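*Asks:*
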Amino acid sequence: MAKLPPYAVRLIDLPAHRTFEVPGELVSEWLKGLPMREALGRPAEDPEAGAGHADLELYVDGAHAFAAGTFKGHLHVACSRCVNQARLEIDDRVRVTFLPKHEMPEDNTAAEAGDEGAEVNEEDLDVFPYEGEHIDLESLFREEFVLAIPYAPLCREDCKGLCPQCGTDLNSGTCTCEKPIDPRLAALKGLKLTS
Ligand SMILES: [Zn+2]
Ligand SMILES: [Zn+2]
15 MAKLPPYAVR
25 LIDLPAHRTF
35 EVPGELVSEW
45 LKGLPMREAL
55 GRPAEDPEAG
65 AGHADLELYV
75 DGAHAFAAGT
85 FKGHLHVACS
95 RCVNQARLEI
105 DDRVRVTFLP
115 KHEMPEDNTA
125 AEAGDEGAEV
135 NEEDLDVFPY
145 EGEHIDLESL
155 FREEFVLAIP
165 YAPLCREDCK
175 GLCPQCGTDL
185 NSGTCTCEKP
195 IDPRLAALKG
205 LKLTS
């Protein structure tokens, strides 16, 4: 019998209540290549990258499988202002459907724009494909981490960032640089000088 992936559950074992742990090494692997992760300069398999805990009810109805429950965790990325470590919390309600691969809508946007009576129309209903005799929760868990990262993560709401001239972290120190001049004002000054 072929060995199943770590987060695979056989359909024949459902319904079931299952819990899963996601270790930091896996989180760092999933977030590899994201600029906000790379900026931290952490090792490739970083146990401190984050962690996750899923508590799920899994069940089947015909060829469709469902997972409902909670996903909690955290992850570390670089602050978009000061490049120090920013901790992001995940506390999500999970409600997803697994469809056999051939039943997946070919293009989600096309499906939304098309028939109003489409079978899957709940706005927040996540759908994942599965093949064979098991569902694999890995893509669901991976998505929890990737979607937890905002466009511009902050280490804290009022992060002061780095001085644009000398690079001093203004959260922990001060510098003697003059305040940067608004480029529009600088242009005006230039005009005055040449006139
Ligand atoms: Zn910061
Ligand atoms: Zn400075």
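The numbering used here puts the first residue of the sequence shown at 15, with every later residue one more than the last. No residue lacks a Cβ here, since even glycine has one placed at the ideal position from N, Cα and C. Keep in mind it's a predicted model, so treat the numbers as computed, not measured.
Hey, is the segment 91-111 in contact with the segment 161-174, meaning 3+ C-beta pairs nearer than 8 Å?
*Replies:* Result yes; three or more Cβ-Cβ pairs closer than 8 Å.
*Asks:* Which same chain residues, not among the five before or five after Gln179, have their C-beta less than 6 Å away from its C-beta?
*Replies:* Counting only Cβ-Cβ distances below 6 Å, and skipping sequence neighbours, we find Cys191.
*Asks:* Does DSSP put Ala201 in a helix, in a strand, or in coil?
*Replies:* Helix.
*Asks:* Which runs of the alpha helix (DSSP H) fall wholly inside the segment 63-128 and span at least 4 residues, in chain order?
*Replies:* Fully enclosed alpha helix (DSSP H) runs of 4 or longer: 122-127.
*Asks:* Mapping DSSP to helix, strand and coil, what is Arg156?
*Replies:* Reduced to three states, the DSSP call for Arg156 is helix.
*Asks:* Under the assumption that Thr33 contacts Asp69 (Cβ atoms under 8 Å), give the Cβ distance between them as a whole number of angstroms.
*Replies:* About 5 Å separates the two Cβ atoms, so the contact holds.
*Asks:* Would you mind giving the Cβ-Cβ distance between Ile149 and Val41, rounded to the nearest angstrom? I have them listed as a contact below 8 Å.
*Replies:* Not a contact, Cβ separation roughly 21 Å.
*Asks:* Whose CA, out of Leu176, His90, Pro119, Arg170, lies closest to the CA of Pro49?
*Replies:* Among Leu176, His90, Pro119, Arg170, the Cα nearest to that of Pro49 is on His90.
*Asks:* Nearest-angstrom Cα distance between Arg95 and Gly181?
*Replies:* Those two C-alpha atoms are separated by around 11 Å.
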